[in-house]
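The structure appears below as structure tokens.
Protein chains: 2
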Amino acid sequence: MIAGGGYIGLEMAESLVRLGKNVTIVELAPQILTLFDEDFAGILRQYLEKKGVKIFTSEGIQALRGKEGKVTHVQTAARELEAEVVLMSLGVRPQVELAKQAGLRIGVTGAIWVSEKMETSAEGIYSAGDCAETTHLVTGKRVWIPLGSTANKQGRVVGVNICGGNVNFPGVMGTTVFKTFDFNVAKTGLSMREAEKERLHPVQAVVRGYDRAHYYPGGKESTLKVIAEKETGRILGGQAVGEGPSDKFIDILAMALHGRMTCRELASVDLAYAPPFSPALSPVIVAANVLMNKLEGRIEGIQASEVRERVKTSKESFQLVDVREEDEVKKQRIPNSIWIPLGELKKRVGELDKRKEIAVHCQSGQRSYKACLKLQHEGFENVKNVDGGMLCWCYDLESTPIDPSPSKGEG
Amino acid sequence: MIAGGGYIGLEMAESLVRLGKNVTIVELAPQILTLFDEDFAGILRQYLEKKGVKIFTSEGIQALRGKEGKVTHVQTAARELEAEVVLMSLGVRPQVELAKQAGLRIGVTGAIWVSEKMETSAEGIYSAGDCAETTHLVTGKRVWIPLGSTANKQGRVVGVNICGGNVNFPGVMGTTVFKTFDFNVAKTGLSMREAEKERLHPVQAVVRGYDRAHYYPGGKESTLKVIAEKETGRILGGQAVGEGPSDKFIDILAMALHGRMTCRELASVDLAYAPPFSPALSPVIVAANVLMNKLEGRIEGIQASEVRERVKTSKESFQLVDVREEDEVKKQRIPNSIWIPLGELKKRVGELDKRKEIAVHCQSGQRSYKACLKLQHEGFENVKNVDGGMLCWCYDLESTPIDPSPSKGEG
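Respectively, the protein sequence lines represent chains A and B.
Take the first sequence: its letters are residues 16 to 426, numbered as in our numbering.
Take the second sequence: its letters are residues 16 to 426, numbered as in our numbering.
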């Protein structure tokens, strides 16, 4: 039993499964990995469940029960779970008692306040690492993100400054990466949710991120999300999850954040290409192009979570169209979607209702983008492309006989 | 027999060796891979020679001989080589005949001149890809660097512009990567040689570039070079060669070039760290710190090629000091070097001559940096650290019994 679905809990889940243990994660929040958006946390959750990890979200732990000094059961808000060991990975807090007693200023984050020189409120006393707060370079706000990489850099800054030098530690981008089983999970900058909380207007692009040219054998894939600000095109952050080079994609995006790049600038960066290392267009560049398509108003996007909501609540005014091929749809499809393969869209366009809002999806978002353009050309005005398509759909699926469209019933 | 030691030739060398062929590369220039500095081309050369590839440099091909329509021998400036097949990989030139006949302007590079919109000198006619020249974003000069990644981006720009849009392709950083056997070889921006040709004053840092924390099993290493401008600290380029993540390092550096970063800025970027993905300080950041040490005048560096020259020509005024441990020195050492392990340096400092120029080396440059600081502390004024130490020494080596120092003879 692991209490807490953050990255330490998820890393430990792998280790414990490899030791042959049955692992259950209980998380109070509605999703694991709350630093990530719901869709990407959902991709990871599905993967972990396939690996045999049980996950319960939106469930607080109410009590640990046991006998003879050993835990035997965990009582959550919804159930009682048997447990041999309970690993508490509920996060950490900065230990600032000593600093408080010394009269040092504690920052808004609860960690020790420091200047850019890593100097505390008392002249000549410095603080670096997991007890010190710093600045988030996207939001400009004070944050406390304890990481070894940051501590290393801050330590050098303190070292130089106490020896008479004069250097600054400007802050962080919130870059993070971890590995669980064979999934590499990484993030930099803001998530959609975090950007919205900052009252920004974020737009996202979700693409498949291969680590090599499509014809080069042994390829691995991560799903990659890049987020930009609607008005300016400025890159705000990115997330990557999968067996592919998530760390590389996120490092490129972290550098884009440091360079305060727009998605237009990002679309023409000169990254290292040869077939064993990358597709000819880096997935980061493809995502930047998708963002430009959106920002220039070609096609509007819609998030999977919104689609689910609309399918539930706006049946009368909303149509979800699946433009994949038969073999893909047979495996699994989103309940209540209308299936029209891309190639048949033109002749079957009459099956769709122009007065309704239409969201189109495929596997990743590429074919559905083309479908949206076609529908617009046919006079449909309220057409949206589902960001990331099936890749980002972490809700219910059907694998039932195909009923291609409610109005026809062919196939 | 492969004529030409560029990356196509080196990629083919691998394929042919894997087919069981004896492969010889003949290159007119004094080194293979002329886009890279001599030291990094030397690292690769040593690796290829270990894989069984014979390499002759500074040797032009004078004739191909054969009988019955088949080649049997290749005559170079220095020798005659047997050959079953001769692969000509001498580079390509843009095919611009059609453009010339059409009256289009040909650029200084010999490729088709285009504007930032990829429009040729004739309004409404566009050119993209391997026939079109572009701008090098570090030098600002026109260049012709035909690559698939660039062609892809240019193609999109042309596509948008001919459909009534208005976008630019700003140019390239000269980023390139290729794989030969298990070595990943990558570059962005300018080499030391190219920067000197531009009358810049480049300074280099060479570090070991691991792909994970040192204690995490299965690690792979590339040797990484980062180059900055002496006066401003602006990053000018980088090179990486080895089994490690050369492509990732170079992508980070390409992004630093796009962001016009200085090495001070690069030293505090927030890259993705977890033990399976990177050391706590990315090798790129370590290199940026080494560059700062140099630019701030802590310790001057000296390139391996200069050391070799000085050892040859300035015996009376130059001392090369090896501060590695006995087991390392026993394997191989640079001829005419003085061996004093770092730990013994303080007590044996009297063996060195303060009036002479002293270059110190170790395996990678880290221990020799400490040795330089110690020597400066002991009053030595003309002390230099050999960039990259043994990693960058691609010249003669001895593996003879140890004569620890000319003056003592211990060990």
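The beta-carbon is built from N, C-alpha and C at its ideal position, and this holds for glycine as well.
Interface annotation for the stretch 20 to 51 of chain B against chain A: empty, criterion Cβ-Cβ distance under 8 Å. For the pair residue 148/A and residue 127/A, the CB atoms are nearer than the 8 Å cut-off.
When secondary structure is reduced to three states using DSSP, residue 217/B falls in the strand class. Burial state of residue 328/B is exposed, judged by a 10 Å Cβ sphere holding fewer than 16 other Cβ atoms.
The DSSP-derived three-state label of residue 400/A is strand. Leaving aside the five residues that flank residue 396/A on each side, the residues in its chain whose CB is nearer than 8 Å to its CB run, in chain order, 369. Among the residues facing chain A, residue 263/B is included, as its CB has a counterpart in that chain under 8 Å away. In the three-state reduction of the DSSP assignment, residue 152/B falls in the coil class. In the displayed model, residue 406/B falls within a helix according to three-state DSSP. Per DSSP, residue 110/B is not a residue of any beta strand (DSSP E), being assigned neither H nor E.
Straight across, the Cα-Cα distance linking residue 99/A with residue 288/B is about 32 Å. The shortest C-alpha to C-alpha distance from residue 23/A to any of 255/A, 377/A, 172/A and 191/A is the one to 191/A. Residue state for residue 68/B is assigned as coil, using DSSP reduced to three classes. Under a 10 Å Cβ-count criterion, residue 87/A is classified as exposed, with fewer than 16 other Cβ atoms of the shown protein chains found around its own Cβ.
Contact between residue 58/B and residue 18/B is absent: CB atoms are separated by about 23 Å, not below the 8 Å threshold. Only 291, 292, 293, 295, 296, 297, 300 and 304 from the stretch 290 to 309 of chain A bring a Cβ to less than 8 Å from some Cβ of chain B.
A Cβ-Cβ distance of about 23 Å is found for the pair residue 295/B and residue 243/B, leaving them out of contact under the 8 Å criterion.
Taking the beta carbon of residue 194/A as reference, the chain B residues within 8 Å of it are 289, 291 and 292, listed in sequence order. Taking the Cα of residue 54/A as reference, the smallest distance to any Cα among 81/A, 322/A and 123/A is reached at 322/A. Spanning the alpha carbons of residue 74/A and residue 68/A requires a straight line of approximately 16 Å. 251/A is the residue among 238/A, 117/A, 251/A and 72/A whose C-alpha sits nearest the C-alpha of residue 217/A. Counting C-beta pairs with one atom in each stretch, the stretch 255 to 271 of chain B and the stretch 296 to 307 of chain B have three or more that are closer than 8 Å, which means they touch.
DSSP places residue 239/A in the strand class (E or B) of the three-state scheme. For residue 213/B and residue 414/B, the gap between their C-alpha atoms comes out near 39 Å.
Counting C-beta pairs closer than 8 Å gives fewer than three between the stretch 32 to 44 of chain B and the stretch 390 to 408 of chain A, which falls short of the contact rule.
Cβ proximity to chain B below 9 Å picks out 180, 182, 183, 184, 185, 186, 187, 188, 189, 190, 191, 192 and 193 from the stretch 178 to 193 of chain A. Chain B has a Cβ within less than 8 Å of the Cβ of residue 284/A.
At a cut-off of 8 Å between beta carbons, residue 171/A contacts chain B.
Within 7 Å of the CB of residue 163/A, the CB atoms of chain B belong to 288 and 295, in sequence order along the chain. Secondary structure in the stretch 151 to 195 of chain B: the alpha helix (DSSP H) runs of 4 residues or longer, each lying completely within the stretch, are 163 to 177 in chain order. Taking the Cβ atoms as the reference, residue 303/B lies roughly 7 Å from residue 241/B, within the contact range of under 8 Å.
Against chain B, the CB of residue 392/A has no partner CB under 8 Å away; the residue lies outside that interface. Listed in chain order, the non-local C-beta contacts of residue 382/A below 6 Å within the same chain comprise 338 and 357, local neighbours out to five positions each way being set aside.
Pairing residue 78/A with residue 94/A, the inter-Cα distance amounts to about 11 Å. Per DSSP, residue 82/B lies in no alpha helix (DSSP H); the unbroken beta strand (DSSP E) holding it starts and ends at 76 to 82. Distance from the CA of residue 262/B to the CA of residue 184/B, rounded to the nearest whole angstrom, comes to 23 Å.
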